[in-house]
Structure formats: structure tokens, C-alpha cells
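Asks: Numbering follows the working numbering, in which position 266 of the sequence shown is assigned residue number 519; successive positions increment by one, without gaps.
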Amino acid sequence: MIRTVVAGAAGRMGKRLVALLHENPDFQVVGAFERPGHPQLGQDAGAVAGVGSLGVAILDGPDKALKDAQVVLDFTAPAAAMQNLAAASRAGVAMVIGTTGIGEADLARFPEFCRTIPCVRSPSMSVAVNAVFGTLAQLARTLGDAYDVEIIEAHHHFKKDAPSGTAERMAEVIAEALGRDLKAVGVYGRHGMVGERGLKEIGVHAIRAGDIVGEHTVLFGGIGERIEVTVRSQSRDSYVQGALRAAGWVVGKPAGLYDMRDVLGLK
Numbered sequence: 254m255i256r257t258v259v260a261g262a263a264g265r266m267g268k269r270l271v272a273l274l275h276e277n278p279d280f281q282v283v284g285a286f287e288r289p290g291h292p293q294l295g296q297d298a299g300a301v302a303g304v305g306s307l308g309v310a311i312l313d314g315p316d317k318a319l320k321d322a323q324v325v326l327d328f329t330a331p332a333a334a335m336q337n338l339a340a341a342s343r344a345g346v347a348m349v350i351g352t353t354g355i356g357e358a359d360l361a362r363f364p365e366f367c368r369t370i371p372c373v374r375s376p377s378m379s380v381a382v383n384a385v386f387g388t389l390a391q392l393a394r395t396l397g398d399a400y401d402v403e404i405i406e407a408h409h410h411f412k413k414d415a416p417s418g419t420a421e422r423m424a425e426v427i428a429e430a431l432g433r434d435l436k437a438v439g440v441y442g443r444h445g446m447v448g449e450r451g452l453k454e455i456g457v458h459a460i461r462a463g464d465i466v467g468e469h470t471v472l473f474g475g476i477g478e479r480i481e482v483t484v485r486s487q488s489r490d491s492y493v494q495g496a497l498r499a500a501g502w503v504v505g506k507p508a509g510l511y512d513m514r515d516v517l518g519l520k
């Protein structure tokens, strides 16, 4: 069994990670941690996740929790994910990061930490979403400039970053396929007298409402027709199952930075 640690174990994603890891015979939860001062520190991670006692207490930080671990799974917050990556690098523990909203300056530091450990980082851990990226690139190349591109994403009202990492990656994939610079052509929401739509714009729009787990639609709009590609996550478990797949894949790999395309053999 793969000895696994869960970061943010008392959070929405952390609890599902603990629960599904416990159900999977290929994994053993050997550690769990939360931020200092969290009200559930010291409680059993399994009890918090609703799967019964696992004999694993939620600790206040990664260093003690990573002892004897092979991989740590992180769906926390950008600053916390970077601290946890540094701790995993010091401990020589592989890592899977599904945290979104990490800024460019921090992303540039990933190779530094991944010189000593293998790490899978992806803007979406969903297997379906990662399978769709290739389809979007092919559609964009085929349709070319004759079709407008708009991306609409929807998530629950607790989500802090916008647009989602998945929507941003979809925009990047399409821009690359069309030979465009996303920084120059990306339009993030529209309001007021914005004028006629530019030929090469890629629109990205975020919706935040209720308990929507995650929905992404890419619209290619032409004259007289349109194509819509939609991925709907009905449960956070879709992200968790992808993360478990990544965790099983990354243990034992050479040090370096990987993504879900590596995990799924799509490169």
C-alpha cells in the first residue's frame, strides 16, 4: 500500500480525500494535517471525514505528518500549497497538488522544489477535463479564426479564485493551438460599451452560485452554427479519483514536475 498524507484534511476536499483513500486498498492514510489553530487539530482524520477512526490525528503542519510517507495530496490554498511543497521537498516525499490560484511568481519556483522530488501539479485533477484538453486543441486548429471562442465556468460560492484554473488552462490550450498570445487576446468578462467583439478574442467568464461543484463550457461560435463542449462535475469525488490516480502514478518516478497529461499518457 502507498503511504499517503492529506493536507487540509478537515476541508471539503481533504475530507473526501481521506474517505476515498480509506476505501481504496492501494493506499494507506498515515498522516493528516491542517493549518495551526484549526479547531479540529488533534481529532482523528477518519472520524472528521465520516469513515470512522483511522488512528491518524490531524496535526498542525506538514513536518511531523510527512514522517514515513510516500506521497502527500494537497487541495488547500496557494500560500499553504507552497509551504507544503517546500516541506515535502525537505522530507523527500512525492506530491500531488490540485490547489488552484497559484500565482506566476510561485509557479516559477516549482522547478526549484522538484529537483529533489516528483510532483504532479494540474489546474484540474479531473480525468474527463484532461481528456478534453486535446479535443479543444484539435477543434481550435480545425475551426481557426472563423469561429469565436468563449469559455464559461461555474463553481460554488465558496471558491476564492476566478477564473478557475481549468478555465484558464482551457484558454491557454486554445490560444496555443491558434497561435495567439492569451495575455493579448484574453477577455475576462465584459461590461458596458466594450465595442464589437475582436476577431481573435478568447472570452472567459466566471459564475459563482450555490453549491455548483464545477462546470466548464467552451463555445466555438461560427456563422449559422456553434459547437459547445461541456464538462460537468457532479461530485468532488471526480477530482479526488484523479488525484488518487496521480498519487499512484507519481510514487517512484524520477524527481521533476509533471502534470495530468503525464499521468494519463496523453503527451
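Cβ coordinates follow ideal geometry from the N, Cα and C atoms, glycine included.
#1: Helix, strand or coil for residue 323, going by three-state DSSP, please let me know.
#2: Starting from residue 276, follow the alpha helix (DSSP H) in both directions and report where the run begins and ends.
#3: Put residue 280 into one of helix, strand or coil per three-state DSSP.
#4: On the DSSP bridge assignment, give the partners of residue 348 in chain order.
#5: Please classify residue 321 as buried or exposed, where buried requires at least 16 neighbouring CB atoms within 10 angstroms.
#6: Does residue 477 come out as helix, strand or coil in the three-state DSSP assignment?
#7: Using DSSP with H/G/I as helix, E/B as strand and the rest coil, what is residue 454?
#8: Suppose you measure from the CA of residue 334 to the CA of residue 281; what does that come to, to the nearest Å?
#9: Quick one: what's got a C-beta closer than 8 Å to residue 338's C-beta in the same chain, skipping five residues either side?
#10: Pick out whichever of 269, 458, 273, 284 has its Cα sitting closest to the Cα of residue 317.
#11: Counting only the same chain and skipping the five closest in sequence on each side, list residues whose C-beta sits under 6 Å from that of residue 459.
#12: If you count every other CB in all the chains shown that lies within 10 Å of the CB of residue 486, and 16 or more means buried, which is it?
#13: Apart from the five residues on each side of it in sequence, which residues of its chain come closer than 6 Å, Cβ to Cβ, to residue 301?
#14: Assuming residue 438 is part of the alpha helix (DSSP H), what are its boundary residues?
#15: Using the three-state DSSP reduction, which class does residue 400 fall into: helix, strand or coil?
#16: Using the rule of at least 16 other Cβ atoms within 10 Å of the residue's Cβ for burial, across every protein chain shown, is residue 488 buried or exposed?
#17: Please identify the residue among 436, 273, 311, 382 whose C-alpha is closest to the C-alpha of residue 290.
#18: Tell me, which residues are paired with residue 312 by DSSP?
#19: Give the single residue among 332, 509, 475 whose Cα lies nearest to the Cα of residue 357.
#20: Where does residue 315 land, buried or exposed, given buried means 16+ other C-beta within 10 angstroms?
#21: Comparing the C-beta of residue 313 with each C-beta of chain D, is any distance below 8 Å?
#22: Expressed to the nearest angstrom, what Euclidean distance is found between the alpha-carbon atoms of residue 400 and residue 336?
#23: Would you mind reading off the limits of the alpha helix (DSSP H) that contains residue 419?
Replies: Here's the rundown:
#1: Under the three-state reduction of DSSP output, residue 323 falls in the coil class, being neither helix nor strand.
#2: It spans 265 to 276 - the alpha helix (DSSP H) in which residue 276 sits, taken as one unbroken run.
#3: Reduced to three states, the DSSP call for residue 280 is strand.
#4: Beta-bridge pairing links residue 348 to 325, 372.
#5: Exposed, because fewer than 16 other Cβ atoms sit within 10 Å of the Cβ of residue 321.
#6: Per DSSP, reduced to three states, the secondary structure at residue 477 is coil, with no helix or strand assignment.
#7: Three-state DSSP puts residue 454 in coil, outside helix and strand.
#8: Here the alpha carbons of residue 281 and residue 334 stand approximately 22 Å from one another.
#9: Within the same chain, residue 338 has close Cβ partners 327, 348, 350, 363, 366, 372.
#10: The residue among 269, 458, 273, 284 with its C-alpha nearest the C-alpha of residue 317 is 284.
#11: Hits under 6 Å: 406, 415, 416.
#12: With at least 16 other beta carbons inside 10 angstroms of its own, residue 486 counts as buried.
#13: Close CB contacts of residue 301 within its chain, under the 6 Å cut and outside five residues either way in sequence, are with 263, 293 (chain order).
#14: The continuous alpha helix (DSSP H) containing residue 438 extends over residues 435 to 438.
#15: Coil at residue 400, not helix or strand.
#16: Here residue 488 is exposed. Its C-beta has fewer than 16 other C-beta atoms within 10 Å.
#17: For residue 290, the nearest C-alpha among the options comes from 311.
#18: Bridge partners of residue 312: 286.
#19: Each of 332, 509, 475 was checked against the Cα of residue 357, and the nearest Cα belongs to 332.
#20: Buried: at least 16 other Cβ atoms inside 10 Å.
#21: Note that chain D does not occur in the displayed structure, where there is just one protein chain.
#22: Distance between the alpha carbons of residue 400 and residue 336 is about 42 Å.
#23: That run of the alpha helix (DSSP H) goes 418 to 431.
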